[in-house]
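Q: Sharing a structure, written as structure tokens. Questions coming.
Numbering (the working numbering), first residue to last: 30 to 443.
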């Protein structure tokens with residue numbers, strides 16, 4: 030039906046949904062689906078519903094499948110769950126920097142304590158690393174395995190007033206061993222705990238601020254420090270490779286004269302080497318199965334993003350998203366071997382190809398502008414139709430065409 034020259038893409042997803050409720054404190058649900066993608070595999074892979082699925086990525090088939098679900102309890106100020114579902118953490122309305130919408134689903138235990146003054150969240154997630162194969166014999170075949178990897182996260186959010194909210198967040202990524210009791214303890218300062226465990230892990234600390242100066246306007250600011258070291262947050266040392274952090278500032282605007290319109294403006298900055306970590310492959314990087322847990326922007330980058338939503342009817346919404354990204358890529362030879370490390374990858378931390386100074390946007394300068402128009406239509410409770418157009422302009426050979434159309438049909442019955 031669809032060839033890459035036509036730049037038209039389509040996927041069909043179909044499945045079932047079931048939910049159970051007991052009184053007002055216990056619930057559970059399960060969703061399972063299958064799907065088929067048509068057209069360019071490279072472009073279909075951009076959609077996380079398709080591209081993150083094992084069958085599509087690893088087998089070469091245009092088939093994909095998935096499942097989500099969990100069990101949930103809720104009583105008074107406490108709620109908890111064991112689940113695999115979409116989780117997003119962060120203050121920015123459209124770009125969640127702690128756990129974003131591009132992150133692959135992962136299994137987790139979590140709970141929340143919510144009062145009028147504060148909200149406390151905790152989760153411990155079981156992440157995935159790429160498989161490795163140990164050659165076997167002609168009888169038993171090869172052996173597949175992968176390293177264990179986990180992420181513990183918690184966050185306390187305080188309402189200082191009806192318009193001002195401040196949050197503190199911490200996370201640890203650890204791997205190559207079983208579940209560690211220190212990170213199952215939700216009331217512990219993990220940066221200190223991981224040092225007492227011989228400093229084997231990758232820890233993060235974050236700060237979020239959300240402020241509503243007037244009705245219809247929301248300002249947000251977020252920072253993430255990767256292995257925080259205040260020594261390098263000063264003139265003359267700011268460019269050192271040890272200085273790893275990200276910053277995000279956002280504006281959300283809902284005009285009084287057009288209540289169906291929502292506009293978001295975001296600036297995102299991430300220092301070289303942030304979210305990577307010394308060690309084998311991506312075992313300690315802030316990723317899940319090679320997909321970032323946070324914003325899908327490589328280290329050593331900055332992004333300016335404008336997003337507009339217009340809700341024509343409860344069933345019909347039109348979105349426009351414009352991203353301009355500048356990135357300093359590592360230098361590789363024609364065979365893909367690393368020549369110069371400028372901190373431009375989630376998967377490569379400091380090594381013999383690094384210099385002590387990690388200047389922002391050093392390396393191969395890559396400039397990308399993406400414009401996307403997306404239409405959502407929900408004709409019924411079981412059906413979602415999406416149709417979009419994407420325009421890409423880059424100064425390098427990007428893996429997707431400059432422009433393409435795509436459509437999808439989602440049918441989930443319950």
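No residue lacks a Cβ here, since even glycine has one placed at the ideal position from N, Cα and C.
1. Rounded to whole angstroms, what is the Cα-Cα separation between residue 74 and residue 191?
2. Would you check if the distance between the CB atom of residue 200 and the CB atom of residue 148 is smaller than 8 angstroms?
3. In the DSSP assignment, the beta strand (DSSP E) including residue 250 goes from what residue to what residue?
4. Determine the DSSP secondary structure at residue 435, reduced to helix, strand or coil.
5. Do you know how far the Cα of residue 184 is from the Cα of residue 197?
6. How many Å lie between residue 62 and residue 343 at the Cα?
7. Please determine if the stretch 348-355 and the stretch 259-279 are in contact, where contact requires at least 3 C-beta pairs separated by less than 8 angstroms.
8. Give me the DSSP bridge partner(s) of residue 148.
9. Give the straight-line distance between the Cα atoms of residue 33 and residue 417, rounded to the nearest whole angstrom.
10. Write down the C-beta distance between residue 357 and residue 329 rounded to the nearest angstrom, noting that I regard them as a contact closer than 8 angstroms.
11. Using 8 angstroms as the threshold, is the stretch 281-295 in touch with the stretch 251-263, meaning 3 or more CB pairs across them?
12. The alpha helix (DSSP H) with residue 73 in it runs from where to where?
13. Tell me whether the beta-carbon of residue 66 lies closer than 8 angstroms to the beta-carbon of residue 40.
14. Contact defined as beta carbons within less than 8 angstroms: I believe residue 180 pairs with residue 322. What is the distance between those atoms, to the nearest angstrom?
15. Check this for me: beta carbons of residue 395 and residue 423, under 8 angstroms apart or not?
16. Tell me the residue span of the alpha helix (DSSP H) that contains residue 199.
17. Would the beta-carbon of residue 113 fall within 8 angstroms of that of residue 93?
18. So, is residue 104 buried or exposed, given that buried needs 16 or more other C-beta atoms within 10 angstroms?
19. What residues in its chain sit with their C-beta under 6 angstroms from that of residue 404, if we drop five residues either side in the sequence?
20. From which residue to which residue does the alpha helix (DSSP H) around residue 83 run?
21. Check whether the Cβ atoms of residue 215 and residue 315 sit closer than 8 angstroms, and answer yes or no.
22. Let's test the definition: count the other Cβ atoms within 10 Å of the Cβ of residue 169 and tell me whether it reaches 16, buried, or not, exposed.
23. Classify residue 126 as buried or exposed, calling it buried when 16 or more other Cβ atoms lie within 10 Å of its own Cβ.
24. Count the other CB atoms, across all protein chains shown, that sit within 10 Å of the CB of residue 96; report buried if there are 16 or more and exposed otherwise.
25. Please report how far the alpha carbon of residue 128 lies from the alpha carbon of residue 119, in whole angstroms.
26. Do you know offhand how far residue 373's Cα is from residue 84's?
27. At a cut of 8 angstroms, does the stretch 359-376 reach the stretch 230-247 through at least three beta carbon pairs?
28. Please classify residue 376: does DSSP put it in a helix, a strand, or coil?
29. Assign residue 176 to one of two classes, buried (16 or more other C-beta atoms within 10 Å of its C-beta) or exposed (fewer than that).
30. If you count every other CB in all the chains shown that lies within 10 Å of the CB of residue 208, and 16 or more means buried, which is it?
31. Please go through the same chain and pick out, in chain order, the residues whose beta-carbon is closer than 7 angstroms to the beta-carbon of residue 36, but skip the five residues on each side of it.
32. Exposed or buried, which one is residue 410 when buried takes at least 16 other CB atoms within 10 Å?
33. Closer than 8 angstroms by C-beta to residue 30: which residues in its own chain qualify, once you throw out the five before and the five after it? Chain order, please.
34. Using the Cα positions of residue 203 and residue 320, report the straight-line distance between them to the nearest angstrom.
35. Under the rule that 16 or more other beta-carbon atoms within 10 Å means buried, what is residue 301, buried or exposed?
36. Using a Cβ-Cβ cutoff of less than 7 angstroms, which residues in the same chain neighbour residue 77 once the five nearest sequence positions on both sides are dropped?
A: This is what the structure gives:
1. Residue numbering aside, residue 74 sits at position 45 when the chain shown is read from its first letter. Residue numbering aside, residue 191 sits at position 162 when the chain shown is read from its first letter. One C-alpha to the other measures close to 42 angstroms.
2. As a position in the chain shown, residue 200 is number 171, starting the count at 1. As a position in the chain shown, residue 148 is number 119, starting the count at 1. For residue 200 and residue 148, no; Cβs fall outside 8 angstroms.
3. On the chain shown, position 221 is the one that residue 250 refers to. Residues 246-255.
4. As a first step, residue 435 must be located in the chain shown, where it is residue number 406. Strand, per DSSP.
5. Looking up residue 197 in the chain shown gives position 168. Looking up residue 184 in the chain shown gives position 155. Rounded to the nearest angstrom, the two C-alpha atoms are 6 angstroms apart.
6. Here the question's residue 62 lines up with position 33 in the chain shown. Here the question's residue 343 lines up with position 314 in the chain shown. Residue 62 and residue 343: Cα-Cα distance of roughly 25 angstroms.
7. no
8. Start at 1 with the first residue of the chain shown, and residue 148 comes out as number 119. Note: residue 148 sits in a beta bridge opposite 143, 186.
9. Here residue 33 refers to the residue found at position 4 of the chain shown. Here residue 417 refers to the residue found at position 388 of the chain shown. Low confidence applies to residue 33: its pLDDT is 38, below 50, so where it sits in the model is not reliable, and the reading given next is rough at best. One C-alpha to the other measures close to 16 angstroms.
10. On the chain shown, position 328 is the one that residue 357 refers to. On the chain shown, position 300 is the one that residue 329 refers to. That pair is a contact at about 4 angstroms.
11. no
12. Here the question's residue 73 lines up with position 44 in the chain shown. Residue 73 -> alpha helix (DSSP H) spans 70-73.
13. Taking the first residue of the chain shown as 1, we reach residue 66 at position 37. Taking the first residue of the chain shown as 1, we reach residue 40 at position 11. A contact, by the Cβ cut-off of 8 angstroms.
14. Sequence index remark: in the chain shown, residue 180 carries index 151 (1-based). Sequence index remark: in the chain shown, residue 322 carries index 293 (1-based). Confirmed, about 7 angstroms.
15. Taking the first residue of the chain shown as 1, we reach residue 395 at position 366. Taking the first residue of the chain shown as 1, we reach residue 423 at position 394. Against a cut-off of 8 angstroms, the Cβ pair of residue 423 and residue 395 comes out as a contact.
16. Here the question's residue 199 lines up with position 170 in the chain shown. Premise fails: residue 199 lies in the beta strand (DSSP E), 193-204, not in any alpha helix (DSSP H).
17. Counting from one through the chain shown, the residue named residue 113 turns up at place 84. Counting from one through the chain shown, the residue named residue 93 turns up at place 64. In this structure, residue 93 does not lie closer than 8 angstroms to residue 113 by Cβ.
18. Start at 1 with the first residue of the chain shown, and residue 104 comes out as number 75. Flag for residue 104 reads exposed.
19. Counted from its first residue, the chain shown places residue 404 at position 375. Counting only Cβ-Cβ distances below 6 angstroms, and skipping sequence neighbours, we find 347, 416.
20. Start at 1 with the first residue of the chain shown, and residue 83 comes out as number 54. Counting along the chain, the alpha helix (DSSP H) containing residue 83 begins and ends at 83-88.
21. In the chain shown, counting from the first residue as 1, residue 215 sits at position 186. In the chain shown, counting from the first residue as 1, residue 315 sits at position 286. No, the pair does not count as a contact, with Cβ atoms beyond the cut-off.
22. Against the chain shown, residue 169 aligns to sequence position 140. Exposed, since its Cβ has fewer than 16 Cβ neighbours within 10 Å.
23. Position 97 of the chain shown, counting from 1, holds the residue named residue 126. Burial call: buried.
24. Counting from one through the chain shown, the residue named residue 96 turns up at place 67. Exposed, since its Cβ has fewer than 16 Cβ neighbours within 10 Å.
25. The residue you call residue 128 lines up with position 99 of the chain shown. The residue you call residue 119 lines up with position 90 of the chain shown. Between residue 128 and residue 119, the C-alpha separation is close to 7 angstroms.
26. The residue you call residue 373 lines up with position 344 of the chain shown. The residue you call residue 84 lines up with position 55 of the chain shown. When rounded, the distance between both Cα atoms is 29 angstroms.
27. no
28. Residue 376 sits at position 347 when you count from the first residue of the chain shown. Here residue 376 sits in coil by DSSP.
29. Along the chain shown, one-based indexing puts residue 176 at 147. Buried, by the Cβ-count rule.
30. Here residue 208 corresponds to residue number 179 of the chain shown, with the count starting at 1. That one is exposed.
31. Here the question's residue 36 lines up with position 7 in the chain shown. These residues qualify, in order along the chain: 430, 432, 433, 434.
32. Walking along the chain shown from the start, residue 410 turns up at place 381. That one is exposed.
33. Here the question's residue 30 lines up with position 1 in the chain shown. With a pLDDT of 30 at residue 30, under the threshold of 50, the predicted position of this residue should be treated as unreliable, though the coordinate-derived value follows. Around residue 30: 39, 67, 68.
34. Locating residue 203 in the chain shown gives position 174, where the first residue counts as 1. Locating residue 320 in the chain shown gives position 291, where the first residue counts as 1. Distance between the alpha carbons of residue 203 and residue 320: 16 angstroms.
35. As a first step, residue 301 is located in the chain shown; it is residue number 272 there, counting from the start. So residue 301 counts as buried.
36. Position 48 of the chain shown, counted from the first residue, corresponds to residue 77. The residues are 131.
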